[in-house]
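Enquirer:
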Amino acid sequence: MHSVVLAAVAIALAAFLYRDFLGWLRWNVSVGTIESHCGLVPLLALGLAWLRRDELAAAGRLRETWADSERAGAIGLTLAVWAAALQLLATAADSLAASGLSLVFMMHALALALGGWARTRVLLPCIYFLLFMLPVRYPLEVFLGFPLRLVSTQAAEWAIGACGLPVLRSGTVLTMPGITLQIGSPCSGLNVLTGVLMLAAFHAILTRAALVEGVTLVAAAVPAALAANTLRIAVLGIVGTVFGSEAALGAVHEYSGLGTFALAMGLVWLLSAGLQRVRAPRAARSEVPAAGGQPLAWSRTGGRLATLLLIAATADWMVGRIPRAGLDLPDTATFPRVVAAAPSADEPLTDDERELIAATGGQIARRAYEVDGRTVWMALVTAGSSWRIHHPPEFCYLAQGWTVLQNDVITRKGGPGYRELLTDRDGERRLVQYWFTDGSRATTNLLERWFHGLATAFRGRSARPWLMVTLSARERDAEALDALRVQIQVAADEWIAGRGTAP
């Protein structure tokens, strides 16, 4: 009963202090974004902890010395203070990743302060498995997306050539008789890599692998994912050459992604089975250390619990005191000149946009313009909860049945970059470009936003809300799409250069 009460209190404390981050996890699962797997990680961690319930029960019966118990309590409370401070910084800087990292450290602190050394040692792998719930998909895409695409394309070129088929590679484009494969961001293999890394770590913890064996399994996920993604690209090229592009880009392309993941995970599992066969049999080892002395008394637990509650309440109060600016949207006069003078009409919000933004006090202003015979939409977005403004265009389009064909960060000399989406639904393609601005700078880099918000909070000033500027247009003609891309870049330059009124 003692352990059940402590576990319930720990979960309640975490849910209270990190309710915004946990809300993001729930929302990701409900909408089905590319980071929806993050919401499954806490459930997997709870499952791992449940499978260790016998060790936890045995650890609860051990008697720690008074000195060890006091040392565990002191370290746990200190770590809790540090985790709460990190949560304050994460809130000030609008960083979801830092908030999630703070949650992991807080769980470690709660285990030490309320459970002691023995229980913490049993739970440690389960706690740090939670690192896989951090939202790092987009930073990984920025730094690793193109290198992974290039390596996979080069390897696929070699594999197709080894089969005796003609192939010409230009960057990340493979040209073969009957088919041209452009390896875009969704085909970089990053989704497979992140998923296989998570499941490899889960498998290592589940099978109680030794440290070296577990590290080997997780490290092996990288070449396994690359090999599987390379094979997928090569198969698409071969099928397209032999049977035509329609055969390759139909069911083969749609279902090969699942096969890629299964193949990569199978390679990791084979490595695990091989490591288990070659290593010498060892006696079953307990993760519960021997100890002597007295069990953790309710009196000491109550004092630590009261201290933890005070830490959580203080941190939550300080989070509410962080300076925040109002969310006043600019009027349409601040739109770039390329669309400001064009005929326009207000566009109603979709249900997805209302759920995404308006539910947390955010606002959207969207209008449709007719520019050179094309319809261009421009939206200005602010949000009361920072994570809902990070990548709403992609989320909204996916929720409405669009397929994202391209999702890249565009960098240019002599001007700031922007993020570009190319979406498709029933043959209709739409180009979407967007960037963030606070009226004095523009960026697509979330890390830059993080440090800017942190510096503003330290100066004690209310930060101007980051505004997301989105331009999108419907196009079927590739040449017209390229012309529109140039036009939108001009609009972005006008906005960023401050030729219009700053928001």
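When you read off a place in the sequence shown, starting at 1, and then add 174, the result is the number in the working numbering. Note that the Cβ used here is the ideal one computed from N, Cα and C, for glycine as well.
1) Determine the closest residue to Ser430 out of Leu596, Val442 and Val413, with distance taken between C-alpha atoms.
2) Does Phe317 pass the burial test, meaning 16 or more other C-beta atoms within 10 Å, or should it be called exposed?
3) Quick check: what's the CA-CA separation for Trp561 versus Val341?
4) For Arg406, report the span of its alpha helix (DSSP H) as first-last.
5) Quick check for students: name the residue ranges of the alpha helix (DSSP H) that lie wholly in the segment 283-339, counting only runs of 4 or more.
6) For the alpha helix (DSSP H) that contains Arg227, what are its first and last residues?
7) So what does DSSP say about Asp600, is it helix, strand or coil?
8) Can you list, in chain order, the residues of its chain whose CB lies under 7 Å from that of Ala271, leaving out five sequence neighbours each side?
9) Which one of Asp228, Thr577 and Leu298 has the shortest CA to CA distance from Arg599?
10) Is it buried or exposed for Val296, if we count other Cβ within 10 angstroms and need 16 for buried?
11) Tell me which residue opens and which closes the beta strand (DSSP E) that Thr349 is part of.
12) Whole angstroms are fine: how far does the CA of Ala486 sit from the CA of Leu187?
13) Quick one, which of Leu605, Gly335, Leu288 and Gly440 has its alpha-carbon nearest Glu244's?
14) Would you list the residues sitting across from Leu355 in a DSSP beta bridge?
15) Is Ala480 buried or exposed, if buried means 16 or more other CB atoms sit within 10 Å of its CB?
16) Following the continuous alpha helix (DSSP H) through Leu367, name the residue where it begins and the one where it ends.
17) Using a Cβ distance threshold of 8 Å, determine whether the segment 368-382 contacts the segment 406-420, with at least three qualifying pairs required.
18) Round the Cβ separation of Arg323 and Ser269 to the nearest angstrom and send it over; I've been treating them as touching at under 8 Å.
19) Per DSSP, which residues does Leu342 bridge with? Please list them.
20) Which word fits Ser678, buried or exposed, when buried means at least 16 other C-beta atoms lie within 10 angstroms of its C-beta?
21) Mind checking if Val392 is an interface residue toward chain D, Cβ cutoff 8 Å exclusive?
22) Using CA atoms only, rank isn't needed, just tell me which of Ala292, Leu380 and Thr349 is closest to Leu218.
23) Going by C-alpha to C-alpha distance, which of Gly319, Ser326 and Ile353 sits closest to Thr404?
24) Specify the secondary structure class of Ile249 as computed by DSSP and reduced to three states.
25) Can you give me the C-alpha to C-alpha distance between Ala408 and Val442, rounded to a whole angstrom?
26) Tell me which same chain residues have a C-beta within less than 8 Å of the C-beta of Ala184, skipping the five on either side of it?
27) Skipping 5 residues on each side, what residues in its chain have a beta carbon closer than 6 Å to that of Ile357?
28) How would you call Val386, buried or exposed, if buried means at least 16 neighbouring beta carbons within 10 angstroms?
29) Looking at Thr434: is its Cβ nearer than 8 Å to the Cβ of Val366?
30) Please report the straight-line C-alpha distance between Val389 and Gly352, rounded to a whole angstrom.
31) Would you call Gln468 buried or exposed, if buried means 16 or more other Cβ atoms sit within 10 Å of its Cβ?
32) Taking only the alpha-carbon atoms, compute the straight-line gap between Glu420 and Gly411 and give it to the nearest angstrom.
33) For Leu304 and Leu391, which I take to be in contact (beta-carbon distance under 8 Å), what is that distance rounded to the nearest angstrom?
34) Leu262 and Ala489: beta carbons closer than 8 Å?
35) For a quick check, are the C-beta atoms of Cys300 and Leu251 less than 8 Å apart?
36) What is the C-beta distance between Leu275 and Leu260, in whole angstroms, given that I count them as a contact (C-beta under 8 Å)?
Expert: On the basis of the data shown:
1) Val413
2) exposed
3) Any answer about Trp561 is weak, because its pLDDT of 41 lies below 50 and its placement is not dependable; what the coordinates show is given next. Approximately 43 Å, taken between the alpha carbons.
4) Leu385 to Phe417
5) 311-336
6) Arg227 to Arg235
7) coil
8) Leu308, Pro309 and Val310
9) Thr577
10) buried
11) Val347 to Met350
12) 7 Å
13) Leu288
14) Leu348
15) exposed
16) Leu364 to Leu380
17) no
18) Contact flag wrong, Cβ pair sits at about 27 Å.
19) Thr349
20) Absent from the structure is residue 678, since the part of the chain shown begins at 175 and ends at 677.
21) Protein chains in the displayed structure number just one, and chain D is not present.
22) Leu380
23) Ser326
24) helix
25) 21 Å
26) Met281, Leu284, Ala285 and Leu288
27) Arg323, Thr327 and Thr346
28) exposed
29) yes
30) 43 Å
31) Interpretation of Gln468 is limited by its pLDDT of 44, a score under 50 that renders its predicted location unreliable; no figure is taken from the coordinates.
32) 12 Å
33) 18 Å between Cβ atoms; not a contact.
34) yes
35) no
36) 7 Å
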